[in-house]
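Quick note on numbering: the UniProt record's numbering labels position 7 of the sequence shown as 7, and the sequence is numbered without any gaps.
Report on the structure given below.
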Amino acid sequence: MGMIGEYARLTAAEFERAVGDPDWAYERVQELSEQEWDAGLPWDQARCHDTDKMWHALDFLLRRVGFPVDVVFGEQRIPGADDWSYGPPRCLTPDQVRTAAEAFAATPPARLTEGVTPADLAAAEIYPTIVWERGEPLDEVSAHYEALVPYFRAAARDGDGVLLWIS
Numbered sequence: 001m002g003m004i005g006e007y008a009r010l011t012a013a014e015f016e017r018a019v020g021d022p023d024w025a026y027e028r029v030q031e032l033s034e035q036e037w038d039a040g041l042p043w044d045q046a047r048c049h050d051t052d053k054m055w056h057a058l059d060f061l062l063r064r065v066g067f068p069v070d071v072v073f074g075e076q077r078i079p080g081a082d083d084w085s086y087g088p089p090r091c092l093t094p095d096q097v098r099t100a101a102e103a104f105a106a107t108p109p110a111r112l113t114e115g116v117t118p119a120d121l122a123a124a125e126i127y128p129t130i131v132w133e134r135g136e137p138l139d140e141v142s143a144h145y146e147a148l149v150p151y152f153r154a155a156a157r158d159g160d161g162v163l164l165w166i167s
């Protein structure tokens with residue numbers, strides 16, 4: 001199965017409650033995930049999202065282009081939160097979500113991968129290294145990046161905060 005980058009959009013009120021009550025946040029995320037499990041919602045309507053195993057490659061590429069918000073690991077840890085899998089959840093405030101959405105709009109997918117090869121990701125030991133060692137193209141990373149664009153655009157439009165974690 002592997003390590004997967006996960007996201008949950010929460011309304012401003014839900015986000016505020018989640019930051020103050022991490023147990024409630026965990027339950028709410030589980031509810032949202034169950035509601036959407038087989039729904040096949042478009043990215044701009046989904047409350048939950050994942051970047052599968054491409055989270056580390058996204059982080060590497062986004063840092064490389066100077067992306068202003070950490071949309072892979074979040075900017076803050078949720079105080080008092082237990083590990084949800086591979087560490088505690090982190091978050092992006094509604095303001096940080098807006099900043100991220102603006103940066104997504106200004107950063108075309110081609111810029112993200114420009115001049116980068118699978119060998120570069122393998123050399124940097126980016127998870128899952130086996131993929132890059134085999135020389136697989138960066139298409140899957142680009143596809144996950146392209147899915148984050150409408151997801152964050154919708155979250156910004158709705159004033160949502162976002163929880164992030166690796167499961």
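A virtual CB, placed ideally from N, CA and C, is assigned to each residue, including glycine.
All values reported here derive from a predicted model rather than from experimental measurement.
- DSSP state of residue 116, grouped into three classes? As a position in the sequence shown, residue 116 is number 116, starting the count at 1. In the three-state reduction of the DSSP assignment, residue 116 falls in the coil class, being assigned neither a helical nor a strand state.
- Assign residue 142 to one of three DSSP states: helix, strand, or coil. Counting from one through the sequence shown, the residue named residue 142 turns up at place 142. Looking at residue 142 - three-state DSSP - the assignment turns out to be helix.
- Query: Taking the beta strand (DSSP E) that residue 210 falls in, what are its first and last residues?
  - Reply: Any property of residue 210 remains undetermined from this structure, which presents the chain solely from 1 to 167.
- Query: Quick one: what does DSSP say residue 77 is sitting in, helix, strand or coil?
  - Reply: In the sequence shown, the residue the question calls residue 77 occupies position 77. Strand, per DSSP.
- Item | residue 43 in three-state terms, based on DSSP | Taking the sequence shown and counting its residues from 1, one reaches residue 43 at position 43. DSSP places residue 43 outside both helix and strand once states are collapsed to three, so it counts as coil.
- Query: For residue 108 versus residue 43, is the C-beta spacing smaller than 8 Å?
  - Reply: Numbered from its first residue, the sequence shown carries residue 108 at position 108. Numbered from its first residue, the sequence shown carries residue 43 at position 43. For residue 108 and residue 43, no; Cβs fall outside 8 Å.
- Item | Identified DSSP bridge partners for residue 164 | Here residue 164 corresponds to residue number 164 of the sequence shown, with the count starting at 1. Residue 164 is bridged to 7, 90.
- Query: Of the choices 86, 22, 40, 51, whose alpha-carbon is the least far from that of residue 5?
  - Reply: Mapped onto the sequence shown, residue 5 falls at position 5. If we check each option's Cα against that of residue 5, 51 comes out closest.
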